[in-house]
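Peer 1: Once you've had a glance at the structure underneath, I'll fire off some questions.
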Amino acid sequence: MHKFLIRSFVSSLVLLFTLTVAAVAKDVKAAFVYIGPTGDHGWTYQHDVGRKAVEAAGFKTTYVEGVPESADAERVLRQLANSGHDVIFTTSFGYMNPTNKVAKEFPNVKFEHATGYKREHPNVSTYAARFYEGRTILGTIAGTMTKSNVIGYVASFPIPEVIRGINSFTLAAQKVNPNIKTKIVWAFTWYDPGKEAEAAKALIDQGADVIAQHTDSTAIVQMAEKAGVYAFGQASDMDKFAPKAVLTSVENNWGPYYVDRVKAVANGTWSQKDTWHGIGDGMVVISDLDSQMPADLRSKVKKLQADLASGKVHSFTGPIYDQKGNLMVAEGKTADDGMLAGMMTYVKGVEGDIPK
Amino acid sequence: MIKIVKRDQPSRAIFFFTPVLAIFLTLVAGGLIFFILGFKPFEALKFFFIVPIADKYGFSELLLKATPLCLIAIGLSFCFKSNNWNIGAEGQLTFGAIVSGGVALLFYEQEGFYILPIVILAGAIGGMLYASIPAILKTYFNTNEILVSLMLVYVSKLILDYLVVGPWSNPEGFNFPETRQFSDSAKLPLLFEGLRIHAGIFLALSAVVISWFVFYKTYLGFQMKVSGFSLKTAKYAGYKGKKMIILVFLISGACAGLAGVGEITGPIGQLHREISPDYGFTAIIVAFLGRLHPVGIIFASLVVAITYLGAETAQIFMQIPKYTGQVFQGMILFFLLASDYLLFFKIKFIGSKK
């Protein structure tokens with residue numbers, strides 16, 4: 000009798016809980032904080048595409064664009080947390096400290112911070128994409144398509160993510176063409192069309208006939224189009240901005256992750272995670288391959304894409320040497336995530352030093 | 000019939016009335032823009048100007064935002080009153096923040112009551128040093144201070160970039176462009192638990208009082224006023240022009256530097272690349288909207304501060320693009336300049352003759 004009562008009490012509680020969750024589920028509201036305007040056709044634009052996917056999945060969303068990483072970020076976050084949002088995506092590295100600070104004050108609100116490394120409270124998750132996998136593809140194309148054997152690379156900041164991209168790109172290019180050199184120009188910006196175009200021009204003047212970029216505007220592909228060299232789109236498919244120059248783009252596809260996480264909040268299954276997804280999980284997408292590329296290169300790239308997705312090929316497979324010739328990854332081994340996350344040395348074949 | 004007549008003397012009543020008129024016209028035009036964009040104008044204006052400050056927290060955020068604007072604008076009013084066009088407060092803010100941030104980093108993980116005053120002082124000195132460049136170039140080499148001070152803004156931002164990317168970047172921070180967090184002794188104390196408003200507001204308020212005293216109770220204030228009206232008169236009266244130019248630039252630089260200190264040792268707590276959303280430029284609007292009068296500047300800084308907060312609220316609750324905040328700031332300045340026409344001209348309605 001006693002047991003029965005307890006059991007029925009517990010089961011009714013469970014039922015009540017499930018019902019509440021079900022009732023609440025539809026009301027989950029997600030908020031997105033953007034560093035740039037939604038029309039930048041790069042970083043923020045792609046996050047907003049992801050937000051629209053959340054909307055399409057039946058959830059309410061809010062966004063605030065152009066939020067500077069100054070003292071203002073904290074206020075915007077607090078206001079979003081205060082106005083009934085259940086999960087807040089902060090989509091720029093500079094929001095790391097404000098995100099953790101505000102998360103402490105709102106333990107019931109979930110925070111998802113892109114590209115950061117601090118998870119100081121149980122309600123903070125971080126997520127990033129394995130863009131370096133996409134750069135393995137770009138490197139393969141660049142190494143095949145270059146005639147001058149000089150490849151230009153416009154980089155943003157000397158942080159592990161960018162260094163990793165340069166290395167992965169260079170390794171792949173060397174594999175198909177051992178004579179190539181990667182020349183880097185550091186723009187020290189994520190988005191500044193003027194500076195980016197200048198950087199691209201400097202590289203073209205130094206003989207680069209393929210330009211890769213780790214900054215977000217379309218200025219570089221447009222400069223490449225003007226100069227008659229090849230380039231790759233960044234973050235979104237930039238083909239329409241430079242149809243002749245752009246061979247393909249590496250797209251950031253946040254939608255599936257966003258829908259997943261918002262659903263997890265709705266189901267009550269959300270928990271702290273550090274997500275790092277690549278081509279296999281669909282977070283990194285390769286756009287259509289341009290018809291200027293020879294057919295055998297295109298089929299090679301398609302296969303590489305499939306192998307990267309299945310894990311058969313890893314972007315950092317040994318032997319890998321640094322610029323001085325020291326072994327970084329032994330033959331037959333692949334770099335683990337710890338090494339990738341802290342990568343601060345160039346591989347052999349990259350010209351110049353990492354700015355300190 | 001309407002006739003426009005030149006006034007014999009600029010009207011004093013109109014002088015303080017036009018800013019109010021400008022704000023009113025901005026509201027009307029803003030409402031109209033919202034209407035054209037398909038938003039309910041009154042609701043939008045409510046979310047823009049009332050909702051953000053409707054509670055204690057919102058009001059404290061307003062004061063937090065207005066503090067640097069007020070401080071910089073007070074400093075600028077010294078320059079503008081005496082015909083010195085210091086456009087580079089943003090650079091002086093940045094350089095002040097660099098110097099004070101450098102000092103704060105020197106005291107990393109150290110505690111002590113003496114740290115904060117040194118950090119604050121360093122910021123003021125940094126701002127003054129940076130403002131002295133256009134001042135000295137103007138007095139001794141006759142350069143144009145508008146250009147020099149403006150160009151130095153970009154230089155200061157590049158210096159900050161270099162420092163946070165390179166030598167001052169957080170050694171444990173994976174080379175991301177930011178410094179370590181300052182120790183608590185290097186941070187301005189918060190005034191209330193749970194609110195971000197900090198002791199920097201007292202710096203701004205002291206600047207208001209001191210500037211009022213200087214403008215209206217001292218010989219220096221009188222000299223500035225005369226130089227503002229006519230440089231020739233000032234020369235004829237035998238005022239030492241060069242000394243005054245340097246002095247007003249130093250005051251202005253110190254205020255901007257202190258505003259920078261308030262940001263980095265207040266809500267931010269470290270140095271990184273974006274320490275100010277162009278406070279130094281927005282403060283120019285604040286200074287003119289406040290008619291270069293200390294009390295006027297207090298009100299003007301509150302009005303302009305709310306356009307920042309309102310833009311965020313309007314986007315969160317009504318999906319109005321956040322950049323409308325800047326449109327509002329632009330409109331305020333535009334209407335102010337336009338309505339200043341009334342200072343010198345009056346509109347007469349003349350009855351039609353039979």
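Just so you know, the protein sequences line up as chains A and B, in that order.
FYI, numbering that gives the first Met the number 0 numbers position 11 of the first sequence as 10, with every residue one higher than the one before it.
FYI, numbering that gives the first Met the number 0 numbers position 323 of the second sequence as 322, with every residue one higher than the one before it.
All C-beta atoms in this analysis are idealised placements derived from N, C-alpha and C, irrespective of residue type, glycine included.
With three or more beta-carbon pairs closer than 8 Å as the criterion, would you say the region 119-136 of chain B touches the region 50-68 of chain B?
Peer 2: At 8 Å Cβ cutoff, the stretches do not touch.
Peer 1: How big is the Cα-Cα spacing for F31 (chain A) and T89 (chain A)?
Peer 2: About 6 Å.
Peer 1: Pick out whichever of A:R77, A:K28 and A:G38 has its Cα sitting closest to the Cα of E54 (chain A).
Peer 2: Measuring from the Cα of E54 (chain A), the nearest candidate turns out to be A:K28.
Peer 1: Can you tell me whether I86 (chain B) is buried or exposed? The criterion is at least 16 other CB atoms within 10 Å of its CB, across all chains shown.
Peer 2: Buried, since its Cβ has 16 or more Cβ neighbours within 10 Å.
Peer 1: Where does L36 (chain B) sit, in a helix, a strand or coil, going by DSSP?
Peer 2: In this structure, L36 (chain B) counts as coil in the three-state DSSP scheme.
Peer 1: Report yes if the CB atom of A270 (chain B) is closer than 8 Å to the CB atom of E177 (chain B), and no otherwise.
Peer 2: Note on identity: in this sequence residue 270 (chain B) is Leu, with Ala being the wrong assignment. The answer is yes: Cβ separation under 8 Å.
Peer 1: In the DSSP assignment, what residue or residues form a beta bridge with G151 (chain A)?
Peer 2: Its beta-bridge partners are A:K182 and A:I210.
Peer 1: CA-CA distance, Q222 (chain B) and A255 (chain B)?
Peer 2: Rounded to whole angstroms, Q222 (chain B) to A255 (chain B) spans 23 Å at the Cα level.
Peer 1: Go to K29 (chain A), then tell me how far its beta strand (DSSP E) extends in each direction, as first and last residue.
Peer 2: A small correction: the amino acid at residue 29 (chain A) is Ala; Lys does not occupy that position in the sequence shown. Taken as a continuous stretch (DSSP letters only), the beta strand (DSSP E) holding A29 (chain A) covers K28 to V32.
Peer 1: From the beta carbon of E68 (chain A), is the nearest beta carbon of chain B less than 8 Å away?
Peer 2: Answer yes: the Cβ-Cβ gap between E68 (chain A) and chain B drops below 8 Å somewhere.
Peer 1: So if DSSP puts I346 (chain B) in a beta bridge, which residue, or which two residues, is it bridged to?
Peer 2: According to DSSP, which records beta bridges pairwise, I346 (chain B) is partnered with B:I3.
Peer 1: Would A154 (chain A) and W185 (chain A) be called neighbours here (beta carbons separated by less than 8 Å)?
Peer 2: Yes, the pair counts as a contact, with Cβ atoms nearer than the cut-off.
Peer 1: Mind listing the chain B neighbours of K355 (chain A)? Cutoff is C-beta to C-beta under 7 Å, in chain order.
Peer 2: G165, listed in chain order.
Peer 1: So what does Y320 (chain A) bridge to, in DSSP terms?
Peer 2: DSSP output for Y320 (chain A) lists A:L326 as bridge partner(s).
Peer 1: Just the C-alpha distance for G100 (chain B) and L187 (chain B), rounded to the nearest angstrom, thanks.
Peer 2: Rounded to the nearest angstrom, the two C-alpha atoms are 13 Å apart.
Peer 1: Between P36 (chain A) and the ligand ADP, is there a pair consisting of the residue's CB and a ligand heavy atom that are separated by less than 7 Å?
Peer 2: The ligand ADP is absent from the structure shown, which contains no ligand whatsoever.
Peer 1: Can you name the residues of chain B whose CB is closer than 8 Å to the CB of Q322 (chain A)?
Peer 2: None at all; the shortest Cβ gap to chain B is about 17 Å.
Peer 1: State buried or exposed for I346 (chain B), treating a residue as buried only when at least 16 other CB atoms are found within 10 Å of its CB.
Peer 2: So I346 (chain B) counts as exposed.
Peer 1: V63 (chain A) versus chain B: which residues are under 7 Å apart at the beta carbon?
Peer 2: The contacting residues are E311, Q314, I315 and K321.
Peer 1: According to DSSP, which residues form a beta bridge with F94 (chain B)?
Peer 2: Answer is none; F94 (chain B) lacks a bridge partner.
Peer 1: Could you have a look at A22 (chain A) and say whether DSSP puts it in helix, strand or coil?
Peer 2: The predicted model places A22 (chain A) with a pLDDT of 45, which falls under 50 and marks its position as unreliable, so this point remains unresolved.
Peer 1: Name the residues in the region 59-72 of chain B whose C-beta lies less than 7 Å from a C-beta of chain A; which are they?
Peer 2: The region 59-72 of chain B vs chain A, Cβ under 7 Å: E60.
Peer 1: Which full runs of the beta strand (DSSP E) of 3+ residues lie inside the region 204-264 of chain A, going along the chain?
Peer 2: List check, beta strand (DSSP E) in window: 209-212, 229-234 and 245-251.
Peer 1: Name the chain E residues whose beta carbon is nearer than 7 Å to that of V75 (chain A)?
Peer 2: No chain E appears in this structure, whose protein chains are A and B.
Peer 1: Note the first and the last residue of the continuous beta strand (DSSP E) segment covering H292 (chain B).
Peer 2: Looking at the DSSP string, H292 (chain B) is not in any beta strand (DSSP E), and its letter there is neither H nor E.
Peer 1: Taking G172 (chain B) as the reference, which of A:I353, A:P157 and A:K174 has the closest Cα?
Peer 2: The shortest C-alpha separation from G172 (chain B) is found at A:P157.
Peer 1: Below 9 Å on C-beta distance, what does E262 (chain B) contact in chain A?
Peer 2: Going along chain A in sequence order, the residues near E262 (chain B) (Cβ under 9 Å) are S69 and A70.
Peer 1: State the DSSP-derived secondary structure class of K353 (chain B), mapped to helix, strand or coil.
Peer 2: With a pLDDT of 45 at K353 (chain B), under the threshold of 50, the modelled position of this residue cannot be trusted, and the question is left open.
Peer 1: May I have a chain-ordered list of the alpha helix (DSSP H) segments no shorter than 4 residues that lie completely inside the region 93-145 of chain A?
Peer 2: For the region 93-145 of chain A, whole alpha helix (DSSP H) runs of length 4 or above, ordered along the chain, are 95-104 and 130-144.
Peer 1: With a 10 Å radius around its C-beta and 16 neighbouring C-beta atoms as the bar for buried, classify L326 (chain A) as buried or exposed.
Peer 2: Exposed, by the Cβ-count rule.
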